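So the sequence lines, in the order shown, correspond to chains A, B and C.
To convert, note that position 798 of the first sequence is 798 in the working numbering; the numbers rise steadily by one, no gaps.
To convert, note that position 148 of the second sequence is 1148 in the working numbering; the numbers rise steadily by one, no gaps.
To convert, note that position 133 of the third sequence is 2133 in the working numbering; the numbers rise steadily by one, no gaps.
A short worksheet on the structure shown next.
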Amino acid sequence: MTETTVSPPEALVVEEQEVRPGFIGKNVPRKEDRRLVQGEGIFVDDVKRHGMGFVHFVRSPYAHAKIKSVDISKALELTGVYGTLTGDEVAIHTDPFFELSVPPGSEIKDYCLAVGKVRHMGEPVAAVVAASRELARDAAELVEVEYEPLPVLVDSERAQDEDAPILHDDPGSNVVWSGPFSWGEYESALAEADHVVRIERLHFDRFASTPLECSGAIIEYERPSGQWHIWSNNQFPGFAAIMMAPALRTGIDKLRFISHDIGGAFGNKICTHPQLTACCLLARKLKRPIQWTEWRTEQHMTNTHGNERVFRDIEVPVKADGTMLGFRCRMIDDCGAYPRYEPLGCIIWSQVTPGCYRWRHIEIDFTQVCTNKSPVGPNRGYSRMQHLWFTERVIDIVAHELDLDPVEVRKRNYIRREEMPYETPNGCIYDSGDYAKTLDIALDLIGHDRLEERRAEAAQRGKLLGLGIGSTLDSGTNNFAQSQLLNPELQFSGNNEVATIKLDLFGEVVITLGTVPQGQGHETTASQVAAEILGCSPDDIHVRIGHDTYWNSHSGFSGTYASQFAVTGLGAVKGAADKLAGEMKKLAGAVLGCSPDDIELAEGQARIRGNPEAALPFMALGAIINVNNAGLPEDLDVTLNCRYVYRPPFQVPDKERKFGNLTLTYATQIHACLVEVDPETGAYEIVEYAAVDDCGKRIHPQIVEGQVHGATAQALGAATHETFAYDEEGNLLTPNFYDYHVPHALDMPPLKGGFIESESPFTPLGAKGMGEGGGAGIHAFCAALQDALRPAGNPIVYDSCNPPHRVWEMLQDPESTRALVSVESRS
Amino acid sequence: MIEKTIKVDINGDLYERDVEARRLLVHFIRDDLELTGTHVGCDTGNCGACTILYNGDAIKSCMMLAIQADGATIQTIEALAHDGQLHPLQQAFSEEHALQCGYCTPGMLMAAKYLLDRNPQPTEQEVREAIQGNICRCTGYWNIIDAVMAAASRGEET
Amino acid sequence: MLLREVEYARPAGIAEAIQLLSEHDNARALAGGQTLINVMKQRAAAPDMLVDLAELEELTVINATGDGTLELGAMATLADILSSREVAERRPILAEVASTIADVQVRNRGTLGGNVCSNDPTNHLPPLMVATEATMTIIGAGGERVVSAEEFFLGVYMTAVAPGELLTKVTIPPAGGTGDGFASVTVGSHGTGIVNVAATVNGEARIAIGCVAAVPVLVTARPDDESVREAVRTADLDPPSDVHGSGEYRRRLAEVLSVRAVQQGRSSG
């Protein structure tokens, strides 16, 4: 493996860069590391409470069935069992979770345990709590559930058939949400085209980032106040609280969320509110702390999958020179048995409607349906990844069909640097980027000029070599008003994040964040930003670990998700630090007898500019405010304890036209992949890989690169082996790591990395959120595969996941995938 | 309940405890002895988060019963640092950003230590093979490989 | 992840082990545990008694006799096989194949006997045993007997080791002029086999195909590519379909991999 980080001679930026001598942009040592490398991180399963009961969920073996009866009596007889919870109790003590959709989807009744019916394999039907983990499992086996199996629906394209099994009786339909999207003048574009390329079907497969730490919680209930203390690894407590409070018929503040260290989440720890609700009920009922740890098989079966999406009847009008005018498509999204965070996925893709390209005429018919599969969650790349894979497939297929070079087609159609900020057909504003330049760096890293030479050399060894490009965007900092484009009645819009910062009695600077980090280094980057503003070192700043709603540094949207920390989280830190700096200068001015404007913060002191002898160390400032404040001016409004809410500048979009800005920043990822295929077996090797990233100002370059690496590895896993496949009965065929192969160290290709920094004009630090990546690895791998197989009958890569057997099938029968594509040429 | 008394040396401390025969070694370490640095990440023995050194061998403690460990000498992640001094591997992991969430890290470090103790100057391929049984979802492994190579090249006594 | 209650014994010698296994109806021998513990975690198997073979030192020995025969104790770990000088000198294919099984941690505990007796159709060693004409020594209350590899593997998870019996050693005949080969397509590097093929070539090719049936399928052929392909086709394999591949895919893989395994055997003989 070689790792070369390529930085071009000058960083390419949209705006002039200020000279930054401070900590931003430096690889300061990570604060998190010391405890984590010693195994001293505190993950939820590490936490113990006196008298705690371990919960084990009884889960449905059927994908779809009526529940005739649940008998817990034998379980209760087992010594060491503390109690149980069933769907009947849940239906009495809770209200169904809030549904985000419009009718019919809004009529879905979703409880924390199955009530009356199970709708996916593994759905929890009852819960048993016992003195040990093993006993809880033993007791769970003694719970007797009588089921009446029902017909199963696993094909989203059959969900609206006349005779389709209906999952939810109240809406009476499997449709969660459905609606048209239309921008530009598609019919004119069609009339103007020289070629029309039609693709019958593309399929983005079900997979998930499967964080190594499973979900879990330890929950205590304080009887006198009705306060729940929920120590969990849920990554979006803002959302969890909004879901749980009405269900539990309690106030938001009664749900205290605490997290410490989290072993990865990637969006799969957002929708754990059902399990948390069940545990809350048990904590109250059994009057003891409840400990829940999810098992790997449970995670794979139920919590959660990424959205599965089918693209049908794709039509692409193209000019003779390869200019793409637009596209039309019918999209069917499969959200599994319960929507939960859905149908937000039905609009979130539109943050990147045109992908990286300049086409303007777009028509989409989008439907989301329920099936008897695991509920989905906002898995890394949520909804944009699926859409961007679609745009990249379209580019490659059109290029191949018209015998054009996929590199040239991209360059011809990419949005240009000069056009930034660029307004997309649906009113989203791409803040900055230089896609052509980023692509050039990727091509250089992958050795594009030697491609034909390598292809010939591989052919001599009987192998097929292919090059693929995946260009993608990571849109970050959501405008939650996009939810109103799906349901005008919803009262969500904008976004926010909170941070507090204080100067303590002995001069210690302490920060609390509203975010919920799972390895992204928030403590470190927050301290970098604050240190620069306060004129001290990141080592002088203590960032409290994790999240706690009792710190009062959270708001409705608090959490860590959707590639936004660098903007929202650090925006909040910057705002809070600026506030504190202002107060420190005011106080110092009052004490030293000068204007606050004459005070500078440097070297851990507040001092008069030009007169460094007149200085107050931080400790002095802290002491004065905390314990020594006699004689201060009456109107001095200084507490040295600041709270700041960062709010990005968003409006509510035009709901009629579905037009308006939905995300604040757009990071670019352009990857290139070289794949060598063994045509006799369908097995392949990724022989080279290049990842070029542009996320604006990089606060901590190593952390940014780490996110790029992680996103790449997950994407390559998704592109090669990771699939949540179901049989006709709704049984999950890959329920754990034995069959669901995630990449390990021997599977990873050599990696070359590069970057540019196109700063965002819209963010406090010029940085853009970037953790998710846009699935560039999937797009690049699929493109490389298709390129490799061209000489072997030119099959089309139609699925996002291509294990060896699928490659082999494409080689055996290229005609059947070719039958999916047609070209109508008018010139 | 079928229980037996076992004696295990873990990180130089001798523990004598009653265990159920069915209790997994990883749960014994984590729950009974409260050494929570060793982690559980899967239920099929694939992920390696539970890796420890058992009589000198790197093994997955989720595929052994505690009762089998009677009389054994075990090292867990808690043994690596000494008196607040990080082991060179721990230091290298931090410097190379070979950890993000830190959940796979203890198992990864034990697997890396097992390699360097027996092969102080491994090739990159040997490093990959040594950590093949440890799944990481955050880093993509590239920085981990760099970290192990960096620790090896420092050539200090591991 | 959490086992049912089970009893546990750690006998000091073979005789005691046999006695425990015979006395308890639902007793299982515990070797490395890399399969059995996992299966118990799923609660797919629930023996009442585990007979831990850890004290049976004599079963860990790897021994080469004068004429080149290799005797491997059933409790020799995969790591032992990898580091064995005797294996490297007499039949290196064993180490080559063992090095691709799972990972370092699993190989430190997983045993030859365990891999062979669990007889999962995707295991690596059963086809290798059949191709190399290994023989298995089984000990029971009635004494000792030797079974050929072909007769040893009876069905999915089923071998000739009956309740109350123990596999004690696997004997691999001298290589002589035989060349060995092994080819596979797996789920990820060093992953579960989709199809695996072991072959030995000495005048004729002896090909054992794994992952396509309950037990390895033995095919013999002249050692040229076309004959091998023809022989595999004639074997009329009916492999299972699953998430990793269709029956048809496996059938065709079996042909390709048999050719490759024999090619390797030809060049190493």
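The beta-carbon is built from N, C-alpha and C at its ideal position, and this holds for glycine as well.
Treat the numbers as computed from the prediction; the structure is a model and nothing was measured.
Item                                                                                                                                        : Value
Pair within 8 Å by beta-carbon distance, L464 of chain A and P679 of chain A                                                                : yes
Spatially closest choice to I108 of chain A from A:D474, A:T304 and A:E342, by CA coordinates                                               : A:E342
Below-8 Å beta-carbon distance, H542 of chain A vs any chain B residue                                                                      : no
The segment 533 to 542 of chain A contacting the segment 561 to 581 of chain A, beta-carbon criterion three pairs below 8 Å                 : yes
DSSP state of G1012 of chain B mapped onto helix, strand, coil                                                                              : coil
Same chain, Cβ closer than 6 Å to P8 of chain A, five either side skipped, listed in chain order                                            : Note that P8 of chain A scores 39 on pLDDT, short of 50, meaning its location in the model is unreliable; the coordinates nonetheless yield the value given after this. So the list is empty, once near-sequence residues are dropped.
Among A:P354, A:A337 and A:L282, the one whose alpha carbon lies nearest that of S182 of chain A                                            : A:P354
Own chain partners of A2098 of chain C with C-beta closer than 6 Å, once the 5 adjacent residues on each side are dropped                   : L2078, I2081 and L2082
Minimum Cβ-Cβ distance from V2197 of chain C to chain A less than 8 Å                                                                       : no
Buried versus exposed, by CB contacts within 10 Å (16 or more), E419 of chain A                                                             : exposed
Neighbour list for E680 of chain A in chain C, Cβ cutoff strictly below 7 Å                                                                 : V2256
Buried or exposed (CB count within 10 angstroms, at least 16 for buried), I1002 of chain B                                                  : exposed
Length at least 4, wholly inside the segment 390 to 451 of chain A: the alpha helix (DSSP H) runs in chain order                            : 406 to 413 and 435 to 446
Chain A contacts from the segment 1004 to 1022 of chain B (Cβ-Cβ distance under 8 Å)                                                        : E1020 and R1022
For V310 of chain A, the first and last residue of its enclosing beta strand (DSSP E)                                                       : E308 to V318
Where G2155 of chain C falls, given that 16 or more other Cβ within 10 Å makes a residue buried                                             : exposed
Contact between the segment 773 to 786 of chain A and the segment 800 to 812 of chain A (3+ Cβ pairs under 8 Å)                             : yes
A2064 of chain C Cβ short of 7 Å to the ligand SAH heavy atom set                                                                           : What this structure holds is no ligand at all, so the ligand SAH is not there to describe.
Contacts around V2039 of chain C, its chain only, beta-carbon distance under 6 Å, and the 5 residues preceding and following it disregarded : A2045
Three or more C-beta pairs below 8 Å linking the segment 67 to 83 of chain A and the segment 143 to 150 of chain A                          : yes
Interface partners of L2082 of chain C on chain B, CB under 8 Å                                                                             : Within 8 Å Cβ-Cβ: nothing; L2082 of chain C doesn't reach chain B, min ~11 Å.
Alpha-carbon spacing of V409 of chain A relative to V55 of chain A, whole angstroms                                                         : 56 Å
Cα-Cα separation between V196 of chain A and I796 of chain A, rounded to whole angstroms                                                    : 17 Å
CB contact flag (N495 of chain A, F650 of chain A, <8 Å)                                                                                    : yes
6 Å CB neighbourhood of L2021 of chain C in its chain, flanking five on each side removed                                                   : A2027, V2051 and G2164
Partner residues on chain C for I1059 of chain B, Cβ-Cβ distance less than 8 Å                                                              : Q2105, N2108 and R2109
Continuous alpha helix (DSSP H) assignments of at least 4 residues falling wholly in the segment 2008 to 2092 of chain C                    : 2014 to 2023, 2036 to 2041, 2078 to 2083 and 2085 to 2090
Contact between the segment 587 to 599 of chain A and the segment 516 to 530 of chain A (3+ Cβ pairs under 8 Å)                             : no
Buried or exposed (CB count within 10 angstroms, at least 16 for buried), K48 of chain A                                                    : exposed
Uninterrupted alpha helix (DSSP H) stretches inside the segment 237 to 274 of chain A (no shorter than 4 residues)                          : 237 to 248
Same chain only: Cβ atoms within 6 Å of S493 of chain A, ignoring 5 sequence neighbours per side                                            : F480, A481 and V652
Beta carbon of V2061 of chain C nearer than 8 Å to that of G2073 of chain C                                                                 : yes
Presumed contact (8 Å Cβ cut-off) between E705 of chain A and I446 of chain A, rounded CB distance                                          : Incorrect: roughly 18 Å between the Cβ atoms, too far for contact.
H168 of chain A versus E89 of chain A - alpha carbon distance                                                                               : 20 Å
Interface flag, W183 of chain A vs chain C, CB-CB below 8 Å                                                                                 : no
Cβ distance (whole Å) where M770 of chain A is taken to contact A566 of chain A below 8 Å                                                   : 7 Å
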